[in-house]
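Using my numbering, you'd call the opening residue of the sequence shown number 336 and step up by one each time.
This report refers to the structure that appears directly beneath it.
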Amino acid sequence: MEIKKYAGIDIGSNAARLIIKDLLPAQNNSHILKNRVYIRLPLRLGIDVFTKGKIGNEKKEEFVKAMLIFKDIIDYNKVETFRVCATSAMRNAQNKNEIIKKIKEKTNLEIEIINGHEEARLLYLTNREKLEKGQYYISADLGGGSLQVGLFKYTELIQAHAYKTGTLRFITKTVDPKELTALENKLEELKKQYPDAKLTGSGGNINKISKLIGKNILSYNDLKLLYSELINLSYEDRIKKYAFREDRADVILPALKIYMRLLEKTEKNTIFVPKTGLADGITRQLYEKDFKKN
């Protein structure tokens with residue numbers, strides 16, 4: 336029997352990710368989505384976009400090659416249902432329409448540029464089953480280009496906001512102070528309106544931080560201790576000591592600072608890390624769409 340498969344491609348500012356999941360039967364006539372393939376390529380579209388305003392020729396060719404690899408893997412695994420979503424870097428690229436057209440011509444993949452609300456919704460879908468019913472959550476999904484802040488309960492996404500305060504913007508010194516002010520004002524508002532809300536974090540950096548610390552509920556002190564250790568190491572020593580990828584070793588420090596600031600501004604003691612990402616949310620959304628049809 337041919338197993339139904341779903342694929343999600345997340346084209347972020349720091350990396351592009353492909354995830355393929357098998358749909359397997361579970362108890363009570365339900366299903367589970369089990370990881371079959373996961374690939375991450377360090378595209379770093381944001382380096383070009385945030386400093387030059389557009390994706391340059393060299394990065395453009397890397398982008399095409401990455402999508403050809405993903406398309407070959409999708410075809411090899413006989414995946415019929417997939418979705419390709421691009422976020423902050425592509426949202427801000429002046430030549431995004433040209434890029435989308437070129438990728439379509441070369442790979443037959445159709446890139447969909449999604450807004451911050453859709454990003455938050457997709458993450459909510461994949462995290463929903465890990466959360467307490469009736470509990471409010473403030474979600475913080477940190478990428479290379481933006482930080483998505485959402486408010487949701489188990490049953491619904493209530494609001495979502497995107498701020499151009501991603502880690503690549505910090506290392507390229509392209510963060511607008513007005514964005515930071517708007518972010519802090521929103522966090523202050525959420526803290527006052529939902530004082531009992533819990534904080535969740537998602538994205539490659541917080542997942543890596545959670546793995547390094549060895550738990551998925553992290554305190555401010557956990558983050559501070561790790562930051563204190565990493566800040567005293569050179570970029571090269573961070574790679575050697577922690578086996579960081581090159582494109583993780585430089586953004587991990589601004590990520591830690593951002594998450595510490597989130598805990599401070601929301602006055603929360605801990606942050607819960609579900610260890611999921613946008614590509615997981617895409618596959619979940621595709622499955623739920625099929626399920627509703629049937």
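Even for Gly, the Cβ is constructed at its ideal location relative to N, Cα and C.
Leaving out five residues before and five after residue i in sequence, what residues of the same chain have Cβ atoms less than 6 angstroms from its Cβ?
{"i": "D383", "result": "I390, G391, K394"}
{"i": "N302", "result": "For residue 302 there is no data in the structure shown, the boundaries of the chain being 336 and 629."}
{"i": "L353", "result": "I344, I374, F405"}
{"i": "T535", "result": "Y472, S474, F607"}
{"i": "A421", "result": "I346, I446, I448"}
{"i": "I548", "result": "D557"}
{"i": "T502", "result": "G479, V586, P589, A590"}
{"i": "R597", "result": "First, the residue type needs correcting, since residue 597 is Leu and not Arg in the sequence shown. Contacts found: A475."}
{"i": "T416", "result": "Y341, L621"}
{"i": "K468", "result": "Y489"}
With distances taken Cα to Cα, identify the nearest neighbour of residue i among the options.
{"i": "T500", "options": "L403, G381, F607", "result": "G381"}
{"i": "E440", "options": "V399, A584, L560", "result": "V399"}
{"i": "D585", "options": "E599, N540, T509", "result": "N540"}
{"i": "G479", "options": "R379, G388, T416", "result": "R379"}
{"i": "D407", "options": "I355, K339, Q528", "result": "I355"}
{"i": "A532", "options": "N604, L458, K627", "result": "N604"}
{"i": "F505", "options": "Q494, T386, N520, E396", "result": "T386"}
{"i": "L403", "options": "N430, K508, T442", "result": "T442"}
{"i": "Y489", "options": "I434, E337, D410, E464", "result": "E464"}
{"i": "L477", "options": "S423, E491, L444", "result": "S423"}
{"i": "G616", "options": "K546, N363, R418", "result": "R418"}
{"i": "T507", "options": "E337, S348, D410", "result": "S348"}
{"i": "G388", "options": "L492, K468, A455, K431", "result": "K431"}
{"i": "E454", "options": "G469, Q470, L492", "result": "L492"}
{"i": "K292", "options": "Y555, L568, N551", "result": "Because residue 292 is not part of the residues shown, which for the chain are 336 to 629, the question remains open."}
{"i": "E519", "options": "N542, Q483, K546, F487", "result": "Q483"}
{"i": "N450", "options": "N542, S481, F487, K546", "result": "S481"}
Residues in its own chain within less than 8 angstroms of residue i by CB, not counting five upstream and five downstream?
{"i": "I544", "result": "L553, L558, L561, I587, A590, L591, Y594, V608"}
{"i": "A350", "result": "R375, L376, P377, L378, R379, G479, G539, D582"}
{"i": "A401", "result": "A351, L376, L378"}
{"i": "V414", "result": "K340, Y341, A342, I355"}
{"i": "N412", "result": "K340, A342, I355, R371, V372"}
{"i": "R397", "result": "Looking at the sequence itself, residue 397 is Glu, so the reference to Arg does not match. These residues qualify, in order along the chain: L378."}
{"i": "I566", "result": "L588"}
{"i": "V510", "result": "K499, T500, R504"}
{"i": "I434", "result": "I390, K395, F398, M425, A428, I446"}
{"i": "R573", "result": "L565, F579, A584, I587"}
What are the start and end residues of the alpha helix (DSSP H) that includes residue i?
{"i": "A351", "result": "That residue, A351, is in no alpha helix (DSSP H); its beta strand (DSSP E) goes 351 to 360."}
{"i": "N363", "result": "No alpha helix (DSSP H) contains N363, which DSSP labels as neither H nor E."}
{"i": "T502", "result": "502 to 506"}
Kindly indicate the opening and closing residues of the beta strand (DSSP E) around residue i.
{"i": "S474", "result": "472 to 477"}
{"i": "D634", "result": "In this structure the chain extends from 336 to 629, so residue 634 is not present and cannot be described."}
{"i": "I338", "result": "No beta strand (DSSP E) holds I338; DSSP gives it neither H nor E."}
{"i": "A602", "result": "Sequence check: residue 602 is Glu here, not Ala. Taken as a continuous stretch (DSSP letters only), E602 belongs to no beta strand (DSSP E), as it is neither H nor E."}
{"i": "K527", "result": "Taken as a continuous stretch (DSSP letters only), K527 belongs to no beta strand (DSSP E), being part of the alpha helix (DSSP H) at 512 to 528."}
{"i": "G485", "result": "482 to 488"}
{"i": "T611", "result": "No beta strand (DSSP E) contains T611, which DSSP labels as neither H nor E."}
{"i": "G536", "result": "533 to 537"}
{"i": "I390", "result": "Counting along the chain, I390 falls outside any beta strand (DSSP E), and DSSP gives it neither H nor E."}
Can you name, in chain order, every residue of its own chain whose Cβ lies under 7 angstroms from the Cβ of residue i, other than the five neighbours on each side?
{"i": "Y570", "result": "A584, D585"}
{"i": "E523", "result": "K600"}
{"i": "E602", "result": "K526"}
{"i": "Q620", "result": "L457, L460"}
{"i": "Y622", "result": "Y341, L358, L368"}
{"i": "P360", "result": "H366"}
{"i": "L466", "result": "Y472, Y489"}
{"i": "K627", "result": "none"}
Using a threshold of 7 angstroms, is the CB atom of residue i nearer than that to any non-hydrogen atom of the ligand NAD?
{"i": "N392", "result": "For the structure depicted, the ligand NAD is absent and the ligand set is empty, with no information on it obtainable."}
Contiguous alpha helix (DSSP H) assignments of at least 4 residues, all confined to the region 400 to 470: The region 400 to 470 contains these whole alpha helix (DSSP H) runs: 423 to 427, 431 to 442, 451 to 462.
The region 514 to 528 touching the region 568 to 582, judged by at least three CB pairs closer than 8 angstroms: At 8 angstroms Cβ cutoff, the stretches do not touch.
The region 482 to 501 touching the region 514 to 523, judged by at least three CB pairs closer than 8 angstroms: Yes, since at least three Cβ pairs between the region 482 to 501 and the region 514 to 523 fall closer than 8 angstroms, the two stretches touch.
Length-filtered (3 minimum) beta strand (DSSP E) runs lying within the region 549 to 598: List check, beta strand (DSSP E) in window: 552 to 554.
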